[in-house]
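Scroll down for the structure; my scribbles are underneath it.
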Amino acid sequence: MVKTLQVPHKSADIPLADLLTEITRLTLLLDDLHAQSEQQSSGRGDREICKTAALLDRAYDRATRAGVVPGTAYRTRLADGTEYLLCLTQWGVECRPQMAEQVA
């Protein structure tokens with residue numbers, strides 16, 4: 003079941019939908035940083051990976067405190083209009099792009 007959240011949670015400092023979108027953005031950024039790091043053997047990207055992972059971890063914790071249910075898929079939309087299904091799990095975050103026909 004996919005839930006689209008548009009109402010801010012009263013205990014969150016930002017709307018829950020915005021927090022889920024931020025988790026999506028950080029997850030995609032972390033994936034890109036890992037891919038770049040594998041291509042470059044210099045290790046210069048390690049600091050950026052650690053920083054992004056820490057931001058993602060904090061956002062994950064805020065989301066679960068705000069009521070996000072691990073194991074439930076949430077639809078998120080980035081600023082460029084692309085949509086993703088985001089699922090927080092006990093092991094981390096799963097994020098998959100959604101095609102127009104899947105979302106409709």
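Heads up, this note's numbering is the position in the sequence shown plus 2, with the first residue counted as 1.
C-beta: ideal position from N, C-alpha, C; glycine also.
Owing to the predicted nature of the structure, the values given are computational and were not obtained by experimental measurement.
Buried or exposed (CB count within 10 angstroms, at least 16 for buried), residue 105: For residue 105, the predicted model reports a pLDDT of 46, less than 50, meaning its position is unreliable; a value from the coordinates is still stated below. Result: exposed.
Pull up the CB-CB distance for residue 39 and residue 51, whole angstroms please, since I reckon it's below 8 Å. 6 Å
Near residue 84, which residues of its chain fall below 7 Å by C-beta distance, leaving aside the five closest residues on each side in sequence? 99
Considering only residues of the same chain and omitting the five flanking positions on each side of residue 53, which have a CB-CB separation below 8 Å? none
Counterpart residues of residue 94 in DSSP-defined beta bridges: 91
Return the chain-ordered ranges of every alpha helix (DSSP H) run that is complete within the region 18-58 and spans a minimum of 4 residues. 18-41
For residue 73, which option in 95, 19, 37, 33 has the closest C-alpha, if you only look at C-alpha atoms? 95
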